[in-house]
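Quick note on our numbering: the sequence shown kicks off at 80 and runs consecutively. A virtual CB, placed ideally from N, CA and C, is assigned to each residue, including glycine. What follows is one structure encoded as structure tokens, with my remarks underneath.
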Amino acid sequence: MPFEAGRSSHSLSRREFAGALGGFAATARGQETAAFRSAWPADIERSWAGPEYWTNPLQDWRIRRGRLECFVAGGDRNVFLLTREILPRAGEFETRVRLGRLEEDAFPLGEGYVGFRVGIRGYFRDYRDSAVRGDGLNAGVTAEGRLFIGTPEAGSAALGAPPEQLELSLQAAPSGTGYGLTLEARSPGGRRIARLVREQVPADWLPGGIALVCSSGPVPASPRRSELTPDFAARPGTQRGGTLRFWFRDWQVSGSKVAAFEERAFGPILFTLYTLSRGVLKLTVQMAPVDDPERQVLLQIRKQAGSWETIAQAPVDPLSRTATFRVARWDDTRDTPYRVLYAMRDGAGRETECSFEGRIRKDPTDKPQIVVAAFTGNNDFGFPHADVVRHVSFFRPDLLAFTGDNIYERVGEYGTQREPLAAAVLDYLRKWYLFGWEYRDLLREIPAIVIPDDHDVYHGNLWGAGGRRAEGTGFEGQDQGGYTMPAEWVNMVQRTQTSHLPDPYDPTPVEQGITVYYCELLYGGVSFAVLEDRKWKSAPKVLLPQARIINGWPQNPAYDAAREGDVAGAELLGPRQEKFLEAWAADWSGGAWMKVVISQTPFADVVTLPRGTTSDAVTPKLRILKPGEYPDNEEPVMDHDSNSWPQTPRNRALRLMRKAFALHIAGDQHLGSTIQYGIDDWNDGPWAISVPSVANVFPRRWFPSRPGRNRKPGAPRNTGEFLDGFGNKMTVHAVANPIQVDADPPALHSRAPGYGIIILERATRRITLANWPRWVDPSAAGARPYPGWPIVIEQLDNGFPRTGPALPPLPDAGFDDPVVQVVDELSGEIVYTVRIRGRRFRPRVFRPGVYTVRLTDPDRGIVRELRGQRTRP
């Protein structure tokens with residue numbers, strides 16, 4: 080029987096967690112008791128334990144000699160068994176394993192223990208949460224050779240010497256109102272060396288997951304339960320170092336309290352990403368580190384007769400562990416079921432055909448509206464985000480847009496490992512696998528734009544400076560401009576996140592051979608420009624020495640970014656992307672009827688902090704306000720990480736976007752907002768929606784002391800027309816500030832997490848923008864997005880001049896919805912290009928002059944040119 084990767088399960092209500100165990104029983108209803116026995120291949124050496132396991136962290140474990148080895152010592156190294164769970168029903172269970180020290184370790188053992196953890200539960204009662212950061216009851220043998228259950232105690236059963244090689248077993252059986260636990264250590268020959276019995280263990284300590292543990296450092300008391308605490312630091316007790324390096328073999332789990340959940344197996348095919356544009360399918364398969372260069376991944380489609388047909392095969396990239404497919408002349412007029420296949424050897428040396436199924440949706444060119452779900456800031460605070468997946472699914476999105484920070488350096492605990500390269504790759508992949516584990520049920524059939532941002536490449540802030548190499552890490556490294564991680568590692572990250580995107584406009588790599596991915600995606604008649612607004616951006620510290628920049632923030636109190644920051648030679652998008660935007664804005668082929676730009680961060684700095692603040696380090700420490708509160712001492716900031724800087728390239732980018740009347744979708748700022756950019760004046764540029772973070776540990780805010788000008792009647796004081804800290808014009812229409820809310824857990828929801836939903840209407844060219852709170856179920860009666868949303872605009876609101884010079888009304892083009900292009904005859908510059916609705920349109924322009932107007936159908940080669948069109952008052 081082939082192994083088929085199952086769909087991810089969703090967590091139950093968070094309110095039901097604390098101590099209540101009914102959810103475990105409900106999850107397991109109908110499951111039969113199932114024994115488990117490990118079977119690690121004897122002739123394979125690799126870092127991945129297999130589909131039944133989740134290792135913490137990935138890079139510290141390996142299969143070798145038919146056993147699983149923890150070959151890098153550190154605190155709380157553990158292997159979670161995904162496919163078995165102890166249930167809260169009456170019965171018994173037993174787990175046993177053979178273990179021993181790695182043979183090359185002859186030095187004395189320091190602090191630590193090796194053994195089991197049972198009853199593992201994460202905060203959200205989802206097995207994925209439990210696997211990554213759950214807590215439970217520890218039982219095993221300490222480095223000094225003493226058995227323990229829960230808490231090591233002096234005088235407990237001892238081996239007589241530190242553990243070298245033995246069989247360890249833990250048994251549980253009903254005893255009075257609780258359970259009796261028996262822990263035994265036996266010699267390799269089966270002789271019992273030591274035994275420890277603990278009576279009357281509370282029954283609610285045992286239900287949950289099961290893991291093996293090899294942990295250096297002090298042995299913690301247990302059981303303990305997971306807490307939800309927003310933090311950028313790694314979890315205490317997970318640091319590298321120590322002396323315990325052990326191997327495990329023949330792990331067994333059995334008993335009437337144990338249930339099997341084979342559908343929870345994860346891998347070797349983990350998830351897929353795909354796009355469909357102009358008849359070309361791009362699909363990336365994310366693999367576990369199977370590390371078998373001889374084997375390829377097959378892409379199959381289901382024929383109408385029901386059989387499967389192989390249409391392509393691809394190797395697995397040795398770093399990114401991805402297989403990427405590009406299929407031209409794809410039939411985009413129908414939904415197409417697909418599956419990817421991979422043949423893997425199991426522990427018995429047999430070939431097992433593994434599959435992962437999904438569906439490529441047809442290009443929705445006939446849909447009356449296109450729905451985009453947008454995300455940013457995918458921290459694991461709130462992992463596995465099952466509520467987000469469930470709520471987003473309600474909107475039936477046509478496209479997913481992940482605008483960056485899809486992982487953070489601290490995701491999954493255990494810190495960040497930057498070297499050596501092989502370990503750094505696995506460190507990243509483990510974090511990236513969590514992203515796929517969260518969203519794979521959406522990604523398997525909904526096309527997705529995914530782009531990396533600074534945290535994805537292990538930067539707090541990133542000024543790519545054309546791809547140059549930056550020496551060092553932290554502020555010292557990143558402030559130079561360029562990438563602190565090796566180029567091949569950066570390319571590996573980009574391959575995992577962007578290799579499924581349409582082909583780049585110009586694939587020429589930047590410095591160090593770092594690849595590019597900026598491109599156009601045409602889907603459902605909406606033309607999306609995907610930008611890289613970090614890769615070419617100049618480093619402010621280099622160009623503004625007088626400002627004394629640290630991490631993007633000026634330390635010189637006399638520096639004024641509005642007067643001094645707009646320096647010659649500074650780049651934002653860079654000439655190559657500006658050339659792409661120019662061409663993209665003029666190209667409305669393929670039936671395109673709307674243009675949208677997707678990039679990492681907005682072109683405005685919608686952030687305030689207490690007056691005189693010279694760093695955003697204070698942000699997580701600010702008190703989250705109650706509804707109705709408003710601080711009176713905050714002002715716009717000068718954060719050069721924002722795309723407010725540099726100002727002249729910022730304005731060039733917005734003018735190019737305006738040539739297509741394009742909406743801008745971005746993220747990065749953690750703060751959900753909707754604004755209209757100003758270029759020469761307020762409200763003469765595109766609109767932008769910046770979506771809130773999925774999980775927000777850095778709750779930025781917008782509380783300007785001075786109210787905005789020209790606010791709408793009844794609008795909050797922090798809306799209206801403003802100058803940001805760089806002197807750029809912007810009109811703020813809605814902001815989702817962090818506010819104390821009555822939603823559990825408050826530590827997560829009071830930081831204004833959520834996602835964005837953008838609806839683009841074909842017939843009316845209306846655009847509906849909304850940022851939704853994470854905790855709101857949109858299917859519930861009366862459900863509403865954050866206050867101030869939804870906002871409805873027209874396509875031409877993205878910069879079309881509503882007043883000023885106008886050209887004569889256009890004659891009937893002879894066909895519906897022509898593309899109208901206006902060209903300044905004096906300069907030869909294209910002013911704008913847009914597909915109009917119907918046949919009537921009166922072009923307006925930004926200054927008096929003489930213009931050529933073209934009415935075209937680019938897909939049929941029809942061009943009608945009207946020269947010498949003069950402006951009228």
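Do the CB positions of residue i and residue j come within less than 8 Å of each other?
i      : j      : result
Pro864 : Ala849 : yes
Leu610 : Ser678 : yes
Leu291 : Val395 : no
Phe345 : Gln365 : no
Ala766 : Ile872 : In the sequence as presented, Ala is not what sits at residue 766; that position holds Trp. It is a contact, given that the beta carbons lie within the stated cut-off.
Asp477 : Thr455 : no
Leu660 : Arg613 : no
Ala218 : Leu249 : yes
Arg918 : Asp938 : no
Val811 : Ser752 : yes
Phe115 : Arg163 : yes
Pro832 : Val773 : yes
Ala745 : Thr847 : no
Ile836 : Gly603 : no
Gly268 : Pro241 : no
Ala402 : Val376 : yes
In terms of DSSP beta bridges, what is residue i paired with?
i      : result
Lys361 : Thr354, Arg405
Lys674 : Ser606
Ile872 : Ile846
Ala859 : Beta-bridge pairing links Ala859 to no other residue.
Lys510 : DSSP output for Lys510 lists no bridge partner at all.
Asn457 : Ala774
Asp903 : Tyr930
Ala118 : According to DSSP, which records beta bridges pairwise, Ala118 is partnered with nothing at all.
Using the Cα positions of residue i and residue j, report the straight-line distance between them to the nearest angstrom.
i      : j      : result
Ile439 : Thr577 : 18 Å
Phe404 : Ile390 : 10 Å
Phe227 : Leu260 : 11 Å
Ser829 : Gly461 : 13 Å
Gly764 : Gly787 : 18 Å
Val910 : Ile486 : 39 Å
Phe474 : Gln748 : 24 Å
Tyr60  : Ile530 : A query on residue 60 cannot be resolved here, the shown segment of the chain reaching from 80 to 952 and no further.
Asp821 : Trp851 : 16 Å
Arg177 : Thr594 : 47 Å
Asp386 : Val676 : Per the sequence presented here, residue 386 reads as Ser, with Asp not at that position. Their backbone Cα atoms lie some 40 Å apart in a straight line.
His534 : Asp856 : 29 Å
Val589 : Leu651 : 15 Å
Leu100 : Leu827 : Caution is warranted here: a pLDDT of 30 is assigned to Leu100, below 50, making its placement in the model unreliable, and the coordinate value is therefore given only provisionally. Looking at the two C-alpha atoms, the distance is approximately 23 Å.
Ala626 : Gly543 : 20 Å
Ala739 : Pro824 : 43 Å
Leu323 : Leu362 : 42 Å
Tyr493 : Asp466 : 25 Å
Ile941 : Trp868 : 41 Å
Asp208 : Val490 : 12 Å
Glu488 : Gly201 : 21 Å
Ala97  : Pro347 : Note that Ala97 has pLDDT 30, beneath the 50 cutoff, so the model's placement of it is unreliable and the number below is only indicative. So the alpha carbons of these two residues sit roughly 34 Å apart.
Glu524 : His470 : 17 Å
Glu908 : Ala665 : 11 Å
At 3 residues or longer, and completely inside the region 209-260: list those beta strand (DSSP E) runs for me, N to C. 214-221, 226-228, 244-254, all fully within the region 209-260.
Complete beta strand (DSSP E) runs within the region 682-732 (minimum length 3 residues, chain order): Counting whole runs of 3 or more residues, the region 682-732 contains the beta strand (DSSP E) stretches 687-689, 713-715.
Three or more C-beta pairs closer than 8 Å, one from the region 500-509 and one from the region 563-581: is that the case here? In short, these stretches touch, since the Cβ pair count reaches three.
Can you find at least 3 beta carbon pairs, one from the region 170-182 and one from the region 513-529, that sit closer than 8 Å? The count of Cβ pairs closer than 8 Å, one atom from the region 170-182 and one from the region 513-529, stays below three, leaving the stretches out of contact.
Taking contact to mean 3 or more Cβ pairs, one atom from each stretch, closer than 8 Å, check whether the region 708-715 and the region 932-942 are in contact. No, they do not touch.
Within the chosen definition, does the region 308-321 reach the region 268-288 through at least 3 CB pairs nearer than 8 Å? In short, these stretches do not touch, since the Cβ pair count stays below three.
I'd like the ranges of any alpha helix (DSSP H) spanning at least 4 consecutive residues and lying wholly in the region 584-643. As far as the region 584-643 is concerned, its whole alpha helix (DSSP H) runs of at least 4 residues are 619-622, 640-643.
With three or more C-beta pairs closer than 8 Å as the rule, is the region 182-202 touching the region 336-343? Judged by pairs of C-beta atoms under 8 Å, the region 336-343 does not touch the region 182-202, as fewer than three such pairs exist.
Enumerate, from N- to C-terminal direction, the unbroken beta strand (DSSP E) stretches of 3 or more residues contained entirely within the region 256-314. 257-265, 271-280, 288-295, all fully within the region 256-314.
Would you list, in sequence order, the uninterrupted beta strand (DSSP E) runs of no fewer than 3 residues that lie entirely inside the region 736-766? DSSP runs (the beta strand (DSSP E)) wholly in the region 736-766: 742-745, 751-756.
Meets three-Cβ-pair contact criterion under 8 Å: the region 629-649 and the region 716-725: Look at the beta carbons and you see the region 629-649 touching the region 716-725: at least three pairs across the two are nearer than 8 Å.
For the region 491-577, list the alpha helix (DSSP H) runs that are entirely contained and at least 4 residues long, ordered along the chain. Note on the region 491-577: whole alpha helix (DSSP H) runs with a minimum of 4 residues are 500-522, 553-557, 566-577, in chain order.
Under 8 Å: do the region 541-561 and the region 373-382 share three or more Cβ pairs, one atom per stretch? Touching, no, given that fewer than three Cβ pairs across the two stretches are closer than 8 Å.
Would the region 795-807 count as touching the region 633-642 if we require 3 or more Cβ pairs under 8 Å? Enough Cβ pairs lie closer than 8 Å, so yes.
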